[in-house]
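Top to bottom, those sequences are chains E and Y.
The first sequence begins at -2 in this note's numbering and counts up by one.
The second sequence begins at 278 in this note's numbering and counts up by one.
Below: one structure, written as structure tokens.
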Amino acid sequence: GENVEQHPSTLSVQEGDSAVIKCTYSDSASNYFPWYKQELGKRPQLIIDIRSNVGEKKDQRIAVTLNKTAKHFSLHITETQPEDSAVYFCAASIRSGAGSYQLTFGKGTKLSVIP
Amino acid sequence: DTAVSQTPKYLVTQMGNDKSIKCEQNLGHDTMYWYKQDSKKFLKIMFSYNNKELIINETVPNRFSPKSPDKAHLNLHINSLELGDSAVYFCASSPWAGGYEQYFGPGTRLTVT
């Protein structure tokens, strides 16, 4: 079936460095790509999203890029801080059997920012 | 105000029991979801309701039955609980079905002993 691949599964960076997480998807009809941050014991929280008619979107220290031709999108975090440590999930809207779309999530990336 | 709320937050029960988890959203959204997050943190959709109508029903044992009395509420009832049902269950809502932002509830940690 349609799925979303996410890499790496774990990522350690020094405070102040950049972190990049990459995802690929298989459904060419996917048109919405959100990123969620989940801190330990908490709910996934939407941090940024991008639609298929846009190639890049930025919000302060985080940015997302989308390459529709290659079917991949990436999350970029600059000037990382210890509070950025969490599990990050990418997702893509995938056509479901009901004729609508559902979000399919990647398996997550555990980001550790070392002070 | 909590946008998406779930009760209970923790649920510990024995194998074979029946239990329910409740979810409510006050965002005025049309669509609600149930996700299961296992010990490896993988988020897997189980069900989705749009305006009280079931629109997504993934391959889930029929011991799991969702119910949506109105578009602000989506409950999950689980019969004959098994050890493998232990997980965190998240409710979520979005403005409409399909490619739109989803907002998650705080989760219910279910432990079956």
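For glycine and all other residues, C-beta sits at the position ideal for the given N, C-alpha and C.
Item, Value
"Would you mind working out which of H69/E, T75/E, N64/E sits nearest D56/E, comparing C-alpha positions?", "T75/E"
"Return helix, strand or coil for P343/Y, following the three-state DSSP convention.", "strand"
"Could you check where the beta strand (DSSP E) with M309/Y kicks off and where it finishes?", "308 to 314"
"Let me know if R40/E comes out buried or exposed under the rule of 16 or more other beta-carbons within 10 Å of its beta-carbon.", "buried"
"Flag this pair as yes or no: are the beta carbons of A83/E and K34/E separated by less than 8 Å?", "yes"
"What are the residues in the stretch 73 to 106 of chain E lying within 7 Å of chain Y by C-beta distance?", "V84, F86, S90, S93, A95, S97, Y98, Q99, L100, F102, K104, G105"
"At a Cβ threshold of 8 Å, is D46/E touching chain Y?", "yes"
"Report yes or no: is there a C-beta of chain Y within less than 8 Å of the C-beta of Y29/E?", "yes"
"Give the single residue among L304/Y, K296/Y, T290/Y whose Cα lies nearest to the Cα of K348/Y.", "L304/Y"
"For F324/Y, decide whether its Cβ has a neighbour in chain E, counting only Cβ atoms nearer than 8 Å.", "no"
"How about L43/E: is its C-beta nearer than 8 Å to some C-beta of chain Y?", "yes"
"Just list the residues that DSSP pairs F70/E with in beta bridges.", "C20/E, L63/E"
"Cβ closer than 7 Å: which chain Y residues qualify as neighbours of R40/E?", "F367, F381, G382, P383, G384"
"Are there three or more Cβ pairs, one per stretch, closer than 8 Å when the stretch 352 to 371 of chain Y is compared with the stretch 296 to 315 of chain Y?", "yes"
"Is there contact here, the stretch 359 to 366 of chain Y with the stretch 310 to 324 of chain Y, by at least three beta-carbon pairs under 8 Å?", "yes"
"Distance check for E53/E and V281/Y, CA to CA, integer angstroms please.", "29 Å"
"Since K313/Y meets chain E, which of its residues come closer than 8 Å, beta carbon to beta carbon?", "Result: empty, since nearest Cβ-Cβ is about 11 Å, beyond 8 Å."
"Taking all protein chains shown into account, do 16 or more other C-beta atoms lie within 10 angstroms of the C-beta of Q11/E, making it buried, or fewer, making it exposed?", "exposed"
"Report buried or exposed for Y98/E, applying the criterion of at least 16 other Cβ atoms within 10 angstroms of its Cβ.", "buried"
"State yes or no: is the beta carbon of F319/Y nearer than 8 Å to at least one beta carbon in chain E?", "yes"
"Assuming E2/E and G105/E form a contact by the criterion Cβ under 8 Å, report the distance between their Cβ atoms to the nearest whole angstrom.", "12 Å between Cβ atoms; not a contact."
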